[in-house]
Each structure stands twice: as C-alpha cells, then as structure tokens.
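Worksheet: the structure to be examined is printed underneath.
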Amino acid sequence: MDGFKLSLLSFLPFVFVLAIAVEATGDEIGTFIVHVQPQESHVAATADDRKEWYKTFLPEDGRLVHAYHHVASGFAARLTRQELDAVSAMPGFVSAVPDQTHTLQTTHTPQFLGLSAPPPPQGKRWSSSSHGGSGAGAGVIVGVIDTGVFPDHPSFSDAGMPPPPAKWKGHCDFNGGSVCNNKLIGARTFIANATNSSSSYGERLPPVDDVGHGTHTASTAAGAAVPGAHVLGQGLGVAAGIAPHAHVAVYKVCPNESCAISDILAGVDAAIADGCDVISISIGGPSVPFHENPVAVGTFGAMEKGVFVSMAAGNAGPNVSSVINDAPWMLTVAASTMDRSIRTTVRLGNGLYFDGESLYQPNDSPSTFYPLVYAGASGKPSAEFCGNGSLDGFDVRGKIVVCEFGGGPNITRIIKGAVVQSAGGAGMILPNHFPEGYTTLAEAHVLPASHVDYVAGLAIKAYINSTANPVAQILPRGTVLGTTPAPAMAFFSSRGPSVQNPGILKPDITGPGVNVLAAWPFQVGPSSAQVFPGPTFNIISGTSMSTPHLSGVAAFIKSRHPHWSPAAIKSAIMTTADITDRSGNQILDEQRAPANFFATGAGHVNPERAADPGLVYDIAPCDYVGYLCGLYTSQEVSVIARRPVNCSAVAAIPEHQLNYPSISVRFPRAWNSSEPVLVRRTAKNVGEVPSEYYAAVDMLDTTVTVRVFPRTLRFTGVNQEKDFTVVVWPGQGGARVVQGAVRWVSETHTVRSPVSVTFA
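As numbered in mature numbering (1 follows the signal peptide of the UniProt record, and there is no 0), residues -26 to -1, 1 to 734 make up the sequence shown, in order.
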C-alpha cells in the first residue's frame, strides 16, 4: 500500500493488537492491523472494558468493526489516512500492518477412510455405535470459518442429536434464531459491511451461504447422514460428514471467494469464545512471517485455549515451496484423490479409448462420432483455452472441441464449455498440460465433456494431426468405484518445503480433496439438465475439501480423548498415517511418480488408527514460544504470543528440536560430514501398559545415516513420557533431499515419524 511507512517499534512491556481501516492516500478507507501498548489506566478487566478502551482510539462512534478478545488484543475500525496519522501519534502505538484478503481454497469419503457404516433405516438416525465407532464426534463442537451455511439442508438435521454441551455460549444470527438446532447449533456473520445499520455492532445480516463453499465444508466435517445423495445422478449414496455426531457452528467471514483477514480473525475469535473444540479454515493467503500474519497469530491464541485448528495447505501445486498456512500449531492439510471416478470416455476414430471425467452426463450425450477439432486451430491468440470470443468465426458447429486446460482465472473450465456450446459445439474434451498430469476433475459442465489426463491429451491431439477428418465420441460411463491408484496426490495441492519454517516438515497430512460430494445450497449443472427431486449436493475439489475431512477426524479423536491437547491430536493423525495406497504401493503424485513428503506430509490420514496411536508427541504452548524465539526477535514473538516475551530469558528451541511428530533436518553444503545433528524427542504413552516399543529406521539412501538412542522404550504407566535422540549423519554427495522414517513398533502399534534431510 504505497504512501504508508509501516514500522515495528521497540519492544514494549505489553503488546496489544488493533486493526484499523485505512487506505494508502487521501481520505479513503481501508484496513490496517496495528499493535499498541495499553497504559496502566487502560488495562482491561473485561471484554466490555477492552472494547471501551479501543474506542478511545477512534474519532467518533460507528467506526468500530470488530473487537478481538482471544485471537488478538485489538480491533478493526474504519479510519482515514489522516485519522491513522493521529492514532500513530497516540501513546502506546507500536506499528501498523495492512489488512489483506485471503481466498477460498477450493459421501464416498467416510467409506474410503475406513469409517464405513450401513445406511440408517428409513426415518432413523445413525446409532451411537455406528459410523466410525462410538458416536463419531459426539459432544464435540466444530467451528467452520467460511462463506456461511444453507441451514435448511438435511445435512444439518438434528434428528437424534442431543443438545450442545453446557460450555456452548454461541448464538444464531438467522432471523429469530429458530433455524439453528442441535446439529447446527450456531451461525454468525462477521463481514464488516454485513449489518442492517451503520453501526458495526448493529443487527448483523443472517449468515446465508450465497457461494456454497461453507455449506460444503461444514457438511463434509460433521454433516448428518443423508441417504440418496448425488449430483446430477452421479455419486449416488449416503452422504455423511466424517464426524456425523458432532455439533456444527458456522462463522460467515467471506461474502464471496475473497475474505478480509480482519473478518477471519473476528470469526475465529468468536469460535473460541463460543466454545468450539475444532476450527476448520479452508481459506489462505500469501506465505509471510508469522508475526506479520494475523491468522497465524489468531490460531496461536486458539491453540493456547486448547482448540484444534485445521487449515488448507493451498492450491498452488505442484510448485515447490507453495505451501501456506504452515505454522506448527496448525494442521496443514494437502489434497489427494479417492477411488471413485465420475467417468466419461473419449473414443477416437482410430479405435483408441481414453477415460476422463464429467458430472454432466446427459442421456443424449454424443454416442455417435462427431468431427473433432482443436480450438487453437482458429488462429486467434490463446484460442486454445476457449475463452470468451475465441471461437468467433471458427466453425465448430456440431463438432467436439478440444480446449486446453488453464488460460487464467477468468477462463474457468465451465466457461470453456459454455463458449463451445454458444458456438454450436456438440461436446468438449479438456486435456491437461504436463503440470496437471493425471489429476482429472468431475465438474458440472454445460454440455457433454471429458476432462482427460496429460498423456491422453497428447494422444488425442496427435490423432487430430494425423488425419484429415478426425472424429470422436464422448461416452457416459457413470460412477465407477475402486479406481487405482488411490489415493494419489492432486496436482493443485501445494508443496513444501515451507518458506517460513523449513525446519518443520509441511504439509502435515493429506486427505480426500478431489471430486468430493457434499451439501450445496442450490442446483448445479446446465438449465437443460434433468432436475432430480430432493436435497442438492455438489462435487468440487481443492485443499478446501480435504481440510474439513481432517477437521472431522480431529473431532472424531477429540470425542474419544476429550482431554488431549491440539498437539497430541495432530501427533496421533500424523504418526498413524498411511504411506501406501489401497493397492499397497507407495502413494504417487500427479505424474504417477512416487510422492515425497513435501507433497504428502506424513501420509494419508487413517482415522481409526489415529484414534488409538499408542504414543504421541505433545507440545506445550510455552514450547512454541521457545521455538519462535529461535526465529524472531522478542518484539516479534510478543506480537504472536499476545503478551510480553523476552527471548533472552527464554531457552530458544531450534526448529528441528521442537517436539514435532515429523523430523526435518537441514545441512549447509559446507557441513563437516563427521558432525551429526542430534534431534531430541519426547514420546508420551497413551496406549496399553505395560508396553515396550522398539526403534526401526527406514532410510533407503545410504548417504545419510540415522540412528536412534535408546533402541527401546518401556512404559509402565499411561501418560508416562520417555526421551530419545535421533542422530543424523550426513554423507558425501547424494541427493539434495533424502527422506525416510523413524518408527517405534510395539505388539499393537506402529508410531511413524517421517524424516526429511535437506542439503541447502
């Protein structure tokens, strides 16, 4: 934001955070997050006291947008440039950081994850002993920070649900509050301009989901069971959330695909105050240092309150170091496929067949051969992407058109089909480029279509160039289960290593994020599509979809172990993850090559094993402070911790020494190979007693040597802790990155920590 000088002043005895709306020039209004030091006379004893103190910074009433109490000590307000200048001169002002916008990261999966259960009898609900054990998620409250909710969807039916726990303090912003029930126990709006009056604390507009994203993510995490779920007749089955017995609270912070950070903070702040146990955030922005990232600061506050936070790893894959939401106190979730295809098959005139995907499979799909053309043959710049107007003057009437994947954010895959249809085309083939590899997406196209992989696309285009009269047909094949390989990493899933903390392996875990079926507020597909009676669903993809799966898994674990810390739940998820696909082979990436840990994290989530991990690696909030002191100054750490921190008086914890469930070691190229790195960990027994675990090391690359001391851990009590040391010796030459694992194996458990060694 040109025209503003942002500075972080010297460390002060106590740091508060305040968000003030300001833009770069003149009297226009935007948003800033400002850190201030309260005077002794302004120490707030209650939330109301704090709010009144915040108001002393404002020139008049009606400027306050959000008051924060748990995620950051501060508020959001509307001010001009001149008014911000006045605030910066007030006693206690520390620094200003501009507010920004983050974006959304956007049935069969419970069965795919091993949480299968038979459909409930007609008119009945799941019993407390079905679907993943004793009431998956029972007594747990999942808070979803998103675009709102469609409350009338049967995925939010409270049939058979008990009232929320006594700790619940939230409320319902829908008119009269009667729309909420024992499943959807809360729904609130935190969009700064979504009020019915000029006062930001006036009556807020109801948190209706105008996008669909929030309804989809909330039902994925903890939706009720809905028999007969499908999208345009595809994916038919019982739709249920991962933790169908959990309660849901939805916090609308996004009016569309863009979400103001100040609103996100307000939603998280309320979720903590309301009593949520798990917070699911399928939103993300650029990777920045944690002290400059209000969401990282806010989720640190949630962790301190014992709230588990699951966040999307981002959709910028397969680019290296594209992972976001990478603070160690949050679970960073990657996305992978499942063993289901919504299949359409391309048949060429030369007899070759190529399987692709599309949701829209009308009965009148081209079952006879049609002329086949490549959109790029029109000669117009970028015509191959089938953007608006690109096919004008190019004869595609009655033909199947090949449109290239991509072309920019304004040329969506649905728009491509609409352009082909408006030009008279009979169908569309959408081939991947090399980066997308074998990942294909089932979407509600407006005409018969097939999204095919990169290799198929090459063959189809080669066929077009090989004959004067190429022809093709698109055959609807419906829903196919049991496809392989599955899971496999999605091309869009962001990759590590983390830019902000390369000593912590990110992402943490992967879960289903491709072609996920869940609740939706409205009908999808073209107007010509057959209208099916009953509730509406949609199938969409993204780390936005994998994140609520893991939020549901966290609720599932929390219901079984209510006193476990967020770090213990994360450890259970990571150390029990699957490292092979359903065929027993190594999990592959979008190119069908073995996926590394920077794609998969610890592996693919296994909920049942995660609920009984044997050992966990726990981390106390004070340990994160020591870790942060190894990265930042006292002043910067104080911003994150929301309290005064003097790092000179804190034992700094190097990144690789944080008691994390994975191990990441970085060696400079000039490192003396005779000097090992010692990595210390503390394991806590949460399984049987007595128990004995034996160390095993899996390192295929012999240029790195890993040893564990002691070799045996013996536990005689529950919650007993034992220390051990992993010694890592670098060798000469070899790969830049070497990955493997350390496993603790007992008669009943295997506790696996991925090990990544990087030579920088």
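Backbone N, C-alpha and C fix where the C-beta goes; we use that ideal spot for every residue, glycine too.
query = Quick check: the region 501 to 517 against the region 266 to 275, are there 3 or more CB pairs under 8 Å?
reply = The region 501 to 517 makes no contact with the region 266 to 275, as fewer than three CB pairs between them are under 8 Å.
Boundaries of the alpha helix (DSSP H) in which THR273 is found, first to last residue:
Bounds of the alpha helix (DSSP H) holding THR273 are 268 to 278.
**Asked** By Cβ distance, which residues of its chain are closer than 6 Å to GLY107, with the 5 residues on each side in sequence left out?
**Response** Residue confidence for GLY107 is low, a pLDDT of 36 falling below 50, so the modelled location carries little weight; the figure read from the coordinates is stated next. By the criterion of a C-beta distance shorter than 6 Å, GLY107 is surrounded by no residue of its chain, once the five residues flanking it on both sides are discounted.
I'd like to know whether the C-beta of ALA460 is nearer than 7 Å to at least one C-beta of chain C. Judged by its chain identifiers, the structure shown contains no chain C, having just a single protein chain.
- request: For VAL114, collect the residues of the same chain with a Cβ closer than 6 Å to its Cβ; drop the 5 residues on either side in sequence, then sort them by chain order.
  value: Taking VAL114 as the centre and dropping the five residues before and after it, the same chain places the C-beta of ALA220, ASP251, ALA529, LYS532, SER533 closer than 6 Å to its C-beta, in chain order.
- Message: In whole angstroms, give me the CA-to-CA distance for LYS157 and SER310.
- Response: Straight-line spacing of the CA atoms in LYS157 and SER310 works out to 28 Å.
Answer yes or no: do ASP592 and ALA541 have a C-beta to C-beta separation smaller than 7 Å? With respect to ALA541, ASP592 sits close: the two C-beta atoms are nearer than 7 Å.
Checklist entry - Considering only C-alpha positions, which residue in the set VAL118, GLY111, ASN149, SER539 is nearest to PRO136? => result It is GLY111.
Exercise. Under 7 Å, do TYR42 and ASP243 count as touching if we go by C-beta distance?
Worked result: A distance below 7 Å separates the beta carbons of TYR42 and ASP243.
The region 516 to 524 touching the region 424 to 441, judged by at least three CB pairs closer than 8 Å: Because the criterion of three Cβ pairs below 8 Å is not met, the region 516 to 524 and the region 424 to 441 do not touch.
* To do: Assign ASN620 to one of two classes, buried (16 or more other C-beta atoms within 10 Å of its C-beta) or exposed (fewer than that).
  => Burial call: exposed.
Boundaries of the beta strand (DSSP E) in which ARG640 is found, first to last residue:
Going by DSSP, ARG640 is part of the beta strand (DSSP E) stretching over 637 to 641.
Chain-order list of residues whose beta-carbon lies under 7 Å from that of PRO595 (same chain, five-residue window excluded): In its chain, beyond the 5 residues on either side, MET277, GLU278 have a beta carbon closer than 7 Å to the beta carbon of PRO595.
Exercise for review: Note down, in chain order, each residue of its chain lying with its Cβ closer than 6 Å to the Cβ of ILE553, except the 5 sequence neighbours on either side.
Suggested key: Shown here for ILE553: same chain residues with a beta carbon closer than 6 Å to its own, the five before and five after excluded, namely GLY577 in chain order.
Discussion item. Quick check: what's the CA-CA separation for ILE388 versus GLY381?
Written reply: Straight-line spacing of the CA atoms in ILE388 and GLY381 works out to 13 Å.
Shorter than 6 Å, the distance from the beta carbon of PHE506 to the closest heavy atom of the ligand GTP, or not?
The ligand GTP is absent from the structure shown, which contains no ligands of any kind.
Review point. From GLY431 to ALA287, what does the alpha carbon distance come to, in whole angstroms?
Key: It is roughly 28 Å from the alpha-carbon of GLY431 to the alpha-carbon of ALA287.
_Considering only their Cβ atoms, is the gap separating PHE511 from ALA715 smaller than 7 Å?_
Using a Cβ distance threshold of 7 Å, ALA715 and PHE511 do not count as a contacting pair.
Original post:
Secondary structure at HIS523, three-state DSSP: helix, strand or coil?
Top reply: The answer is helix: DSSP assigns HIS523 an H, G or I state.
Point to revise | Anticipated Cβ contact below 8 Å, THR414 with GLN208, distance rounded | key: THR414 to GLN208, Cβ: 14 Å. No contact.
Of all the options ARG685, ALA213, SER152, LEU53, which has the alpha carbon lying nearest to the alpha carbon of PHE698? For the set ARG685, ALA213, SER152, LEU53, the Cα lying nearest the Cα of PHE698 is the one of ARG685.
- prompt: Exposed or buried, which one is ALA140 when buried takes at least 16 other CB atoms within 10 Å?
  reply: The C-beta of ALA140 has fewer than 16 other C-beta atoms within 10 Å across all chains shown, which makes the residue exposed.
When SER352, ASN384, GLY367 are compared against VAL376, the one with the closest alpha-carbon: Each of SER352, ASN384, GLY367 was checked against the Cα of VAL376, and the nearest Cα belongs to SER352.
For this session: Return the residue from the list TYR667, ILE238, VAL712, VAL297 that minimises the CA-CA distance to GLY470.
Result: Answer by Cα proximity: VAL297.
Along the chain, where does the beta strand (DSSP E) containing SER310 start, and where does it finish?
SER310 -> beta strand (DSSP E) spans 305 to 310.
Using a Cβ-Cβ cutoff of less than 6 Å, which residues in the same chain neighbour SER730 once the five nearest sequence positions on both sides are dropped?
Here the set comprises LEU479, PHE571, SER638, GLN713.
Compute the Euclidean distance between the alpha carbons of THR441 and PHE124, then round it to the nearest angstrom. C-alpha separation (whole angstroms): 51 Å.
- Item | Same chain, Cβ closer than 6 Å to ARG681, five either side skipped, listed in chain order | The beta carbon of ARG681 lies closer than 6 Å to those of VAL701 in the same chain, with the five residues before and after it left out.
With H, G and I counted as helix, E and B as strand and the rest as coil, what does DSSP make of PHE466? DSSP places PHE466 in coil when its eight states are reduced to three.
* To do: Measure the alpha-carbon distance for GLY661 versus PRO728 and round it to whole angstroms.
  => Each residue's alpha carbon lies about 21 Å from the other.
Worksheet item: Nearest to SER396 by alpha carbon, out of VAL182, ALA416, ASN362?
Response: Between SER396 and the set VAL182, ALA416, ASN362, the nearest pair of CA atoms involves ASN362.
- Item | the region 477 to 497 / the region 644 to 655 touching (three or more Cβ pairs under 8 Å) | Under the three-pair Cβ rule at 8 Å, the region 477 to 497 does not count as touching the region 644 to 655.
If you draw a straight line from the C-alpha of PHE683 to the C-alpha of GLY705, how long is it?
-> About 20 Å.
Is the region 454 to 462 touching the region 562 to 570 in the sense that three or more CB pairs, one from each, lie closer than 8 Å?
-> The region 562 to 570, when compared against the region 454 to 462, does touch it at the 8 Å Cβ threshold.
**Asked** Ordered along the chain, which non-local residues of its own chain (more than five positions away) have a Cβ less than 6 Å from that of PRO664?
**Response** Its chain contains THR690 as the residues whose beta carbon lies nearer than 6 Å to that of PRO664, once the 5 sequence neighbours on both sides are disregarded; these appear in chain order.
Span of the alpha helix (DSSP H), counted from its first residue to its last, around PHE282: That residue, PHE282, is in no alpha helix (DSSP H); its beta strand (DSSP E) goes 282 to 286.
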